[in-house]
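Asker: I have a structure here, written as C-alpha cells, and I will follow up with some questions on it.
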Amino acid sequence: MAFLANHNMQKPKALVVGADYCLDSIYDERVLRRLSEYAILIRPPQRTTELFKQLDILASVEVLCTTWGAPLLDEALLTAAPNLRVVLHAGGTVRGLMSDLAWARGIKVASAYAANAIPVAEFAAATLILALKGVFPHMRAAEGNTRQRTLATDYAARNKCFGNYRRTIGLVSYGAIARLVRGQLRAGEHKVLVYDPFVTQATAQAEEIESVTLEALFSRADAVSVHAPLLPATTGLIHGGHIAKLKPGAIFLNTARGAIVREHEMIDTLRVRPDIQAILDVTWPDPPEPDSPLFTLPNVFLTPHIAGAFGSELARLGETVADELARFAAGQSLRWAITPEQFARMA
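1493 is the number of the first residue of the sequence shown in the numbering used here; add one for each residue after it.
As C-alpha cells, then:
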C-alpha cells in the first residue's frame, strides 16, 4: 500500500485509527484501497496506543476513520486536529468517540451501526427460532446422564415446544436491530409486541406491530428479545418482576447490554421459574464473575457477546466507512450520519 501516492489536493486527508485486535480485520487491504480512492491516507492505520505518542500527525487530518478502541475526541486530541471535519466509525456506538467539545465544534460523525445491526439481528432471529423449537433444553439434556439423554430424544417432549408459527414475540425497543429481527421473523406470521416510547402510531401500523407497556409485553409474549440501548434511562429497566410475568416455558433473550437487566433479580426469578429459558449473549459484568450462578443455572444459556460483527462480518463495517468516505469526498450527505439528537438516545 503506497500512502501519499496520490497528491490530488482535492482529496481530503484521512487517518485510520483503532484498537489492535480488530484494526487489520476491518481495514484490510481491500478497504484501504477503496479509502485511498477518495482520500489521501497520511499514514498506515494507527493503533490508538501509537497515536497518543504522536498526536502531531493529526495536524492536517480532515477525516478520521475509526473502529472499536478509537480515542475519545477530547480537548487534547481536538487541539492536535484543528482541521478535523468528520469521523467515520466502523462500529456501532459512537459514545466513546464524540465528546461535547466535538459536537460543539461541528464535527460530523457517521457510524456503521446499521451494518453491525445485521449480524446481531441474524443471531437474535436464529436464536429465537431455535428456542421456540425447544432446542436449547434438549441440547443440554443430551450432555447429561443417561436419564437426561433419554429426555433429549423423548418424542413426547417435542410437543411441549412453542413452535414457530403465529406465536407472540416481544421486542424491547424498536431500533435498527429490532426492525431487522421483525423482518426476519415475518414468515412465522407472529404477533409482534413492542415496547419503545419513540414508536409512533403510524410506525406501528406500517410495521404491523403493537405498541404496549413493558409489563404487558412480558406477560403476553412467548419470547422476549431485548434490543434497547444502554442509557441512564434504560439501566436496570428490566427487573425480576418482569421476568416473573413471563408465561410458562417462555424465552428471554438479551443481545443488547447486560446492565439493562437487574441481574440479581433475574437470577432469583430464574431459580424459582426453571421453565423459563434465559439466553444471554450479554451480562453485567460482561463476562460474568467466575462464581456467577449464570454458569450453573440449568435454564440459563450463555454465549460470549458474539451477536455483533465477527469474522467475515467485520468486512461489512469497513465497506460502510468506505462508502461514507466516497459520499463525503463528493460533497454528498452522509447516509449514516448521527445527529446530536440521535446520539442522545442511541447506545
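Ideal Cβ placement from N, Cα and C applies to all residues, glycine included.
(1) Can you tell me the Cα-Cα spacing of residue 1654 and residue 1626, whole angstroms?
(2) Within its chain, find whatever has a CB closer than 6 Å to the CB of residue 1519; leave out the 5 residues flanking it on each side and keep chain order.
(3) Do residue 1820 and residue 1553 count as a contact pair if the criterion is CB distance below 7 Å?
(4) Assuming the contact rule is C-beta atoms closer than 8 Å, residue 1757 and residue 1797 should be a hit. Round their C-beta distance to whole Å, please.
(5) I believe residue 1774 touches residue 1747 by the beta-carbon criterion, under 8 Å. Please report the beta-carbon distance rounded to the nearest angstrom.
(6) Which whole-angstrom value is the C-beta distance of residue 1616 and residue 1799, which I expect to be below 8 Å?
(7) Would you call the stretch 1782–1798 in contact with the stretch 1557–1564, where contact means no fewer than 3 C-beta pairs closer than 8 Å?
(8) Looking only at its chain, what residues have a beta carbon closer than 8 Å to the beta carbon of residue 1829, apart from the 5 residues adjacent to it on each side?
(9) With a threshold of 7 Å between beta carbons, is residue 1787 in contact with chain B?
(10) Are the CB atoms of residue 1726 and residue 1720 within a distance shorter than 7 Å?
(11) Start and end of the alpha helix (DSSP H) containing residue 1747?
(12) Taking the beta carbon of residue 1513 as the centre, do at least 16 other beta carbons fall within 10 Å, making it buried, or is it exposed?
(13) Quick check: the stretch 1731–1746 against the stretch 1668–1680, are at least 3 beta-carbon pairs closer than 8 Å?
(14) Can residue 1718 and residue 1701 be called in contact, C-beta distance under 7 Å?
(15) Closer than 6 Å by C-beta to residue 1838: which residues in its own chain qualify, once you throw out the five before and the five after it? Chain order, please.
(16) May I have the straight-line CA-CA distance separating residue 1751 from residue 1784, to the nearest angstrom?
(17) Taking the CB atoms as reference points, tell me whether residue 1769 and residue 1623 lie closer together than 7 Å.
(18) So is residue 1740 buried or exposed if we call it buried at 16+ other beta carbons inside 10 Å?
Answerer: Reading from the atomic positions:
(1) 8 Å
(2) 1508, 1537 and 1810
(3) no
(4) At roughly 21 Å, the Cβ-Cβ gap does not stay under 8 Å, so residue 1757 and residue 1797 are not in contact.
(5) 7 Å
(6) 7 Å
(7) no
(8) 1600, 1601 and 1602
(9) As a matter of chain content, chain B is missing from the structure shown, which is built from one protein chain.
(10) yes
(11) Element bounds for residue 1747: n/a, residue is neither H nor E.
(12) exposed
(13) no
(14) no
(15) 1721
(16) 15 Å
(17) yes
(18) exposed
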